[in-house]
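Enquirer: I have a structure here, written as structure tokens, and I will follow up with some questions on it.
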Ligand SMILES: Nc1ncnc2c1ncn2[C@@H]1O[C@H](COP(=O)(O)OP(=O)(O)O)[C@@H](O)[C@H]1O
Ligand SMILES: [Mg+2]
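Protein chains in written order, with our numbering: chain A, 54 to 296; chain B, 10 to 295.
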């Protein structure tokens, strides 16, 4: 069963063709890696799949439902969570509030008078534990280190209770300790039956984590398959070396 | 007798008035990031609702003020949904939104002038009681302005810091797109923000009407004083706005100690220019 299918996806910015007739599918409950040189369209793909920018052409099928237009407020509804290559946490809010806001009651009138209950706090504390920021609760997000902000962003994604997690270069620039936390989280997500799409340049991590890898080059699909098969293909190596 | 106590009292009254204007202004600015001139119009509209209800139906000040605040709130939301929200969806820049707000502002001012003439009107009974201390005089409406300023500030503080709604507002202020992706109902939250900020603008307009009086053109003055206080304090920051309001209130009133009151606007703009040049992000930098 595929949780995400893309058919002939196309997106251009002015003169640049960022995504070029891209078709692929992601099986439910798997970890799919996306690799490709800088500028090959990986982030653009993530933006389209999370509803942040519209596609030009093609089709997106999520859990069997073909979507004409995915909007950013659809992301949570369809169970899609993401992180950003250039971290985007709520800078002016505390670590705790960055997470509590995710479990905010959806009803706005209710939210006007309601405070976060024990249930919400317990969920947030559990996630704080997983991302190793328990003793940073009251710190403003903007005072965190780069790596801590990346973890906070992952924590926020976890709390949306999504089915699909799009991680855009989560390991880039992290110390090994933090990278290990993220590896653990990705393993846990898989054990939970969740789907992970991981954009990553480190081939060791791709081999270790991914069931499938998609290789992109200039917006096109260059190769797709199990990492051990794909990563030794000549055109894949050339795409990277030719960077 | 020294004039100093009176100057201080006048400065505090002005500071509280600007605080009322700026609190709503900053709340909306923080979430939507554009200067909304309509904020001033709504103060005038609420003032005229009270004036109309009193003149035509003999309604007393408290119920008519409640209706005036409600009316401003509803109108603020309607304008948000009919004008600004569609423009934002089409990617309008803050400058375009500001210009369109000036358009709506002009329309409202014209309608008020047609309906009620351009004449100056006083709300409520003029012969209100006066209190005296340390040789300074303060009227009952002015006491109410100060109390209202404190009350609205405290209410907003609780709303923003203690409720789930407040966290959602802060998240939207910080990064609206991300807020939407994580499932915050940004549209409903922003609508509610406009309802609240417009209602506060209405309250400010009514209190100004009782203290000083109303005129269709008052919206411009309300908008400018609110915007200047906000910018001086650190725009979008409701605490900074309070500081900006009192700085402006004291500067204006002490500034005209020896010169004509006609210089007040010049003082306000002078402060604005000083801040824009020396400290463009305001007292409380974000
Ligand atoms: N918002 C945008 N406006 C204009 N061009 C863009 C935009 N986003 C991406 N691009 C272009 O699309 C191409 C793909 O970029 P991106 O998806 O960020 O690649 P990757 O994440 O694989 O490095 C690049 O040429 C980039 O310059
Ligand atoms: Mg990228």
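All C-beta atoms in this analysis are idealised placements derived from N, C-alpha and C, irrespective of residue type, glycine included. Owing to the predicted nature of the structure, the values given are computational and were not obtained by experimental measurement.
Check whether the Cβ atoms of residue 178 of chain B and residue 146 of chain B sit closer than 8 angstroms, and answer yes or no.
Expert: Residue numbering aside, residue 178 of chain B sits at position 169 when the second chain is read from its first letter. Residue numbering aside, residue 146 of chain B sits at position 137 when the second chain is read from its first letter. In terms of Cβ geometry, residue 178 of chain B and residue 146 of chain B do not form a close pair [threshold 8 angstroms].
Enquirer: Would you say residue 96 of chain A touches ligand 2, meaning its beta carbon is less than 7 angstroms from a heavy atom?
Expert: Numbered from 1 along the first chain, position 43 holds the residue referred to as residue 96 of chain A. Answer for residue 96 of chain A: yes, Cβ within range of ligand 2.
Enquirer: Under 9 angstroms, CB to CB, which of the residues in the segment 133 to 151 of chain A have a partner in chain B?
Expert: Taking 9 angstroms as the cut-off between beta carbons, the residues of the segment 133 to 151 of chain A near chain B are 133, 134, 135, 137, 141, 142, 143, 144, 145, 146, 150, 151, in sequence order.
Enquirer: Is there at least one Cβ from chain B nearer than 8 angstroms to residue 69 of chain A's Cβ?
Expert: For this step, residue 69 of chain A is matched to residue 16 along the first chain. Not one chain B Cβ lies under 8 angstroms of residue 69 of chain A.
Enquirer: Along the chain, where does the alpha helix (DSSP H) that runs through residue 115 of chain B open and close?
Expert: Locating residue 115 of chain B in the second chain gives position 106, counting from the first residue. Judged by DSSP secondary structure, residue 115 of chain B falls within the alpha helix (DSSP H) whose first and last residues are 103 to 125.
Enquirer: Any heavy atom of ligand 1 inside 7 angstroms of the beta-carbon of residue 255 of chain A?
Expert: Residue 255 of chain A sits at position 202 when you count from the first residue of the first chain. Not under cutoff, so the answer is no.
Enquirer: Mind checking whether residue 33 of chain B and residue 58 of chain B have CB atoms under 8 angstroms apart?
Expert: Residue mapping note: residue 33 of chain B aligns to position 24 of the second chain, counting from 1. Residue mapping note: residue 58 of chain B aligns to position 49 of the second chain, counting from 1. Not a contact, by the Cβ cut-off of 8 angstroms.
Enquirer: Shorter than 7 angstroms, the distance from the beta carbon of residue 270 of chain A to the closest heavy atom of ligand 3, or not?
Expert: For the structure depicted, ligand 3 is absent and the ligand set comprises only ligand 1 and ligand 2.
Enquirer: Does the beta carbon of residue 234 of chain B sit closer than 8 angstroms to a beta carbon anywhere in chain A?
Expert: Taking the second chain and counting its residues from 1, one reaches residue 234 of chain B at position 225. Chain A, which has no Cβ nearer than 8 angstroms to the Cβ of residue 234 of chain B, makes this no.
Enquirer: Where does residue 256 of chain A sit, in a helix, a strand or coil, going by DSSP?
Expert: Position 203 of the first chain, counted from the start, is the residue given in the question as residue 256 of chain A. In the structure shown, residue 256 of chain A sits in a helix (DSSP, three-state: H, G or I).
Enquirer: For a contact meaning CB atoms closer than 8 angstroms, what does residue 279 of chain A contact in chain B?
Expert: Here residue 279 of chain A corresponds to residue number 226 of the first chain, with the count starting at 1. Neighbours of residue 279 of chain A on chain B: none; closest Cβ ~31 angstroms, over 8 angstroms.
Enquirer: Does the beta carbon of residue 294 of chain B come closer than 8 angstroms to any beta carbon on chain A?
Expert: To locate residue 294 of chain B, count along the second chain from 1; it is residue 285. It does not; no Cβ of chain A falls within 8 angstroms.
Enquirer: In the DSSP assignment, what residue or residues form a beta bridge with residue 35 of chain A?
Expert: The structure shown does not extend to residue 35 of chain A, since chain A is modelled only from 54 to 296, so the question has no answer here.
Enquirer: For residue 221 of chain A, does the count of other Cβ atoms within 10 angstroms reach 16, so buried, or fall short, so exposed?
Expert: Here residue 221 of chain A corresponds to residue number 168 of the first chain, with the count starting at 1. When all chains shown are included, residue 221 of chain A counts as buried.
Enquirer: Taking only runs that begin and end inside the segment 84 to 153 of chain A, name each unbroken beta strand (DSSP E) of 3 or more residues, in chain order.
Expert: 84 to 88, 110 to 115, 118 to 120, 133 to 135
Enquirer: Of all the options B:269, B:119, B:213, which has the alpha carbon lying nearest to the alpha carbon of residue 155 of chain B?
Expert: If you number the second chain from 1, residue 155 of chain B lands on position 146. The candidate whose alpha carbon is nearest that of residue 155 of chain B is B:213.
Enquirer: Could you work out which residues of chain A lie near residue 28 of chain B, taking near to mean beta carbons separated by less than 7 angstroms?
Expert: Position 19 of the second chain, counted from the first residue, corresponds to residue 28 of chain B. By Cβ distance, chain A contributes nothing, its closest Cβ being about 22 angstroms from residue 28 of chain B, past 7 angstroms.
Enquirer: Start and end of the beta strand (DSSP E) containing residue 278 of chain A?
Expert: For the purposes of this step, residue 278 of chain A is taken as the residue at position 225 of the first chain. Per DSSP, residue 278 of chain A belongs to the beta strand (DSSP E) from 273 to 278.
Enquirer: Starting from residue 259 of chain B, follow the alpha helix (DSSP H) in both directions and report where the run begins and ends.
Expert: Within the second chain, residue 259 of chain B is the residue found at index 250, counting from 1. Residue range 247 to 264 is occupied by the alpha helix (DSSP H) that includes residue 259 of chain B.
Enquirer: Check whether chain B comes within 8 angstroms of residue 177 of chain A, counting only Cβ atoms and requiring the distance to be less than that.
Expert: Residue 177 of chain A sits at position 124 when you count from the first residue of the first chain. Chain B, which has no Cβ nearer than 8 angstroms to the Cβ of residue 177 of chain A, makes this no.
Enquirer: Keeping to the same chain, check which residues put their C-beta closer than 8 angstroms to that of residue 62 of chain A; ignore five residues upstream and five downstream.
Expert: Taking the first residue of the first chain as 1, we reach residue 62 of chain A at position 9. The answer, listed in chain order, is 72, 74, 75, 76, 98, 101, 108, 110, 111, 112, 113.
Enquirer: Helix, strand or coil for residue 297 of chain A per DSSP?
Expert: One cannot answer for residue 297 of chain A here, as it falls past the ends of chain A, which runs 54 to 296.
Enquirer: What whole-angstrom Cβ distance do residue 252 of chain B and residue 292 of chain B have, given they're in contact under 8 angstroms?
Expert: Numbered from 1 along the second chain, position 243 holds the residue referred to as residue 252 of chain B. Numbered from 1 along the second chain, position 283 holds the residue referred to as residue 292 of chain B. That belief holds up - the Cβ atoms of residue 252 of chain B and residue 292 of chain B are roughly 5 angstroms apart, short of 8 angstroms.
Enquirer: Does the beta carbon of residue 66 of chain A fall short of 7 angstroms from some heavy atom of ligand 1?
Expert: In the first chain, the residue the question calls residue 66 of chain A occupies position 13. True, at least one ligand heavy atom lies under 7 angstroms from that Cβ.
Enquirer: Checking 8 angstroms against the spacing of the C-beta atoms, do residue 106 of chain A and residue 215 of chain A come in under that value?
Expert: Indexing the first chain from 1 puts residue 106 of chain A at position 53. Indexing the first chain from 1 puts residue 215 of chain A at position 162. Not in contact: residue 106 of chain A and residue 215 of chain A (Cβ atoms no closer than 8 angstroms).
Enquirer: Output yes if chain A places a C-beta closer than 8 angstroms to the C-beta of residue 191 of chain B; else output no.
Expert: Residue 191 of chain B sits at position 182 when you count from the first residue of the second chain. Yes, because at least one Cβ of chain A sits closer than 8 angstroms to the Cβ of residue 191 of chain B.
Enquirer: Output needed for residue 296 of chain A: all residues of its chain with C-beta closer than 8 angstroms, excluding positions within five of it in sequence on either side, in chain order.
Expert: If you number the first chain from 1, residue 296 of chain A lands on position 243. Any reading at residue 296 of chain A needs caution, since the residue's pLDDT is 49, under 50, leaving its predicted position unreliable; the model's value is listed next. Contacts found: 90, 91.
Enquirer: Residue 128 of chain A touches chain B at which residues, Cβ-Cβ below 7 angstroms?
Expert: Taking the first chain and counting its residues from 1, the one referred to as residue 128 of chain A is at position 75. What residue 128 of chain A touches in chain B: 190.
Enquirer: Does the beta carbon of residue 103 of chain A come closer than 8 angstroms to any beta carbon on chain B?
Expert: Sequence index remark: in the first chain, residue 103 of chain A carries index 50 (1-based). At least one chain B Cβ lies under 8 angstroms of residue 103 of chain A.
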